[in-house]
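One structure is given here, and the rest of the page talks about it.
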Amino acid sequence: MNTVSPYILLSAILFSMGVIGFLTRRNAIMIFMSVELMLNSANLAFVAFAHQWGQLDGQMFVFFVMAVAAAEVAVGLALIVTVFRSKKSANVDDLHQLKG
Amino acid sequence: MFGTQFNPSDLLAVAPEIGLTFWAFFILSLDFLKLPQLNRRVLGMLSAIGVLVVMVLATVLAPPADKGAVLLGGMIRHDLYAYVFDAVFIVAGALTCLLSIDFKPVRAGGEFFALVILATMGMCLMASANDIILLFLATETSSMALYLLAGFMRDTPRSAEAGMKYFIFGAVSSTIMLYGLSLVYGLSGQTGYEKIAAALTAPESPHMVGVFALLLVMIGFAFKTTAVPFHFWAPDVYDGAPTPVTGFISTASKAAGFAIMIRFLLYAFSPLAPTPATQVWVAMMQPVAILTMFLGNLLAITQTSVKRMLAYSSIAQAGYIMIGVTALAYAASRGEVNGAEPNAIAGVIFYIATYMFTNIGAFAIVGLVAQRAGGDNLKDFSGLARRSPYLALAMVAVLLSLTGAPPLVGFVGKLFLFRSAVDENLIGLVVVGVINVLISVFYYLGVVRAMYVERSPNESRPFPIPAVTGWVVLITSAAVLIITLVSTPFWDLALAAAKSLQTILN
């Protein structure tokens, strides 16, 4: 077992937790947090792999991903607020006007 | 990776992106001036003209070299393939800006047009991305702007719901793709496509992890291109989003998904150097194409809303495009370099470009009818031929082209796609494609029937067409007819673009 394996294992666990959260949670904010957890698990994997390969590309990628995650917070919360205004709820089960 | 010397003239390779970013912020700052003469009509016109000027400038200043060039630390591949896709995105963006001017439900200010331009910019980067870092960033740039555009009608619950659904599914699929990319990086230690391919083909590379990473990345592409089983968001989002935005998402965003997918798969998981991962994606394409076509077409039949029907039809259209991708996969996996790959890629490019015009035209008319008749159901189209004969005629032209009725351009495009599949002995796939075309006749002609045969009490009421929307309808239907009449130069351009992508294989 080399030195980065525990980190990759941890990132896989975090990613799985994010996926499970995404599938089971019904509150939009919680779903959103699950997605953030998945993003950060990918970040952890990138940093660990960058360490393994002894180069900085992966670490640089993480900075970009952080910026993307911040932008996603802005966009996501704006949309959640918009939906909350019209439905008075952040529950995704209430999103049922569009179907068929 | 930044060991290469930076040359300022390399920045010309991203001239369209720089120009679009500049123009988006210019429009945004014009909006802040709050001048009465800068109303949304002027802003929309400025946006559309600006992006077209950017395209012309990019053509003059930085025409792609014959073989293409890898620039900016390996991030960008500047070739004709990217250039042709840029042109498709920019024309689609310009048409979307024009359409939004008279689309009353959207209270569009400068921020709406700026978002359209920024989404276009992200798509242009997607077409030229040659590195997994840029792949992720470009995809997110275009997606983020599109989430906001889909939910732009804040006071309409349906639009807010569409934006929210698009955002949730988009965010999770791109995150899954990111995790796949992290595994690709872990396996190869590289972020550039060609270097990834070289590292993944090494015999000691753990191939099963490679397959897993590829599948995760494919989820992101399948979301963008609305391939089954990641199509489920599309009908709801297309239905709820403002109609001009629907036209934009269903054409340009889908085209960008195909552009980035083909380049990534051909370069980073090149079938010329087979590994289990490349065999997986080659084998996957055919079933996905079949499922996507059938699902889109069968569900489109059951719809009463024309907008939602077009949403399912655009899933089916993605299935037709995937016939070309399947042919490409088989051609490339035969190992030797042959003449079949350029034909398949060119078929895909040609079909995407013509589909862009036809589908934006169709959504322009649907948006107009929905504003005049109060809804976009089939009954709202009743008697349209008597209220506005020219509009009905334009709708017939684009619908027949979407069906693939000869001699219209949709037929020519499908012919190219099917021919490249026949060249690879994919007879079964072509038969499925033809069956699907026949199924689609049913629902496309349902709209034609409503417009020409059915009567409506509103027939005598006038049907004013706003000038700019009228122009867009005219441009799109004229483009359909012109490309039908003189398809050769367009095909030659697509073929040249396909060959520029293929230089890596030689």
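Chains F and X, in that order, are what the protein sequence lines are. Numbering-wise (this note's numbering), the first sequence opens with residue 531 and increments by one. Numbering-wise (this note's numbering), the second sequence opens with residue 156 and increments by one. Note that CB positions come from ideal geometry on N, CA and C, so glycine has one too. All values reported here derive from a predicted model rather than from experimental measurement.
- If you check the CB distance, Val622/F and Ala572/F do not come in under 7 Å.
- Within the same chain, Cβ atoms closer than 6 Å to the Cβ of Gly606/F are found at Phe562, the five residues on either side in sequence being excluded.
- Between Leu609/F and Phe322/X a beta carbon distance of about 5 Å is seen, short of the 8 Å cut, so the two are scored as contacting.
- Gly588/F belongs to the set of residues whose beta carbon lies under 7 Å from a beta carbon in chain X.
- Considering only beta carbons, the part of the stretch 318-330 of chain X lying closer than 7 Å to chain F consists of Gly318, Met319, Lys320, Phe322, Ile323, Ala326, Val327, Thr330, in chain order.
- In terms of Cβ geometry, Ser556/X and Val635/X form a close pair [threshold 7 Å].
- Distance between Leu190/X and Val206/X, taken at the CA atoms: about 22 Å.
- For His581/F, the three-state secondary structure derived from DSSP is helix.
- Taking 7 Å as the cut-off, the Cβ atoms of Pro426/X and Val437/X count as close.
- Taking 8 Å as the upper bound for CB-CB distance, Thr639/X and Asp257/X are not in contact here, some 27 Å apart.
- In the DSSP assignment, Ala357/X falls outside any beta strand (DSSP E) and carries neither an H nor an E.
- For Ser616/F, the nearest CB of chain X lies under 7 Å from its own CB, placing it at the interface with that chain.
- Proximity of the stretch 286-293 of chain X to the stretch 301-312 of chain X falls short of the contact definition, fewer than three beta-carbon pairs being nearer than 8 Å.
- If you look at Arg616/X, you'll find it isn't in any alpha helix (DSSP H); DSSP assigns it neither H nor E.
- Taking C-beta atoms under 8 Å as the contact rule, Pro431/X and Ser616/F fail to qualify, at a distance of about 48 Å.
- Between the alpha carbons of Phe518/X and Thr631/X lies a gap of roughly 11 Å.
- Taking each of Ser655/X, Ala622/X, Asp578/X, Ser543/X in turn and checking the Cα distance to Asn613/X, the smallest one comes out for Ser543/X.
- Across the set Leu254/X, Met281/X, Gly199/X, the C-alpha of Met281/X shows the shortest separation from the C-alpha of Val239/X.
- Val392/X and Ala649/X have their C-alpha atoms roughly 30 Å apart.
- Assignment of Ser537/X by DSSP, reduced to helix, strand and coil, places it in the coil class.
- Within its own chain, the residues whose Cβ lies closer than 6 Å to the Cβ of Thr176/X, once the five positions on either side in sequence are excluded, are Met276, listed in chain order.
- Chain F places a beta carbon closer than 7 Å to that of Ser337/X, counting this residue as a contact.
- For Leu303/X, a Cβ of chain F is located within less than 7 Å of the residue's own Cβ.
- If you draw a 10 Å sphere on the C-beta of Lys569/X, you find 16 or more other C-beta atoms in it, and that means buried.
- Annotation: Thr251/X has no Cβ neighbours in chain F at a cutoff of 7 Å; minimum Cβ distance is about 19 Å.
- For Ala284/X, the three-state secondary structure derived from DSSP is strand.
- Contact between the stretch 375-389 of chain X and the stretch 323-339 of chain X is present: 3 or more CB-CB pairs across the two stretches fall below 8 Å.
- Taking one beta carbon from each stretch, the stretch 465-482 of chain X and the stretch 503-517 of chain X have 3 or more pairs nearer than 8 Å; the two touch.
- The beta carbon of Ala242/X sits closer than 7 Å to those of Met210, all from its chain and outside the five residues before and after it, given in chain order.
- Gly344/X belongs to the set of residues whose beta carbon lies under 7 Å from a beta carbon in chain F.
- Inclusion of Gly199/X and Cys279/X in the CB contact set at 7 Å is not warranted, their separation being larger than that value.
- Using a CB distance cut-off of 7 Å, Gly551/F does not count as an interface residue toward chain X.
- When Val577/F, Leu569/F, Phe579/F, Gly548/F are compared, the shortest CA-CA separation from Ala599/F is found for Leu569/F.
- With respect to the 7 Å criterion, Asn452/X and Ser595/X are classified as neighbours on the basis of their beta carbons.
- Within the stretch 423-487 of chain X, the complete alpha helix (DSSP H) segments at least 4 residues long are 431-456, listed from N- to C-terminus.
- Inter-residue distance for Arg555/F and Leu539/F is about 24 Å (C-alpha atoms, whole angstroms).
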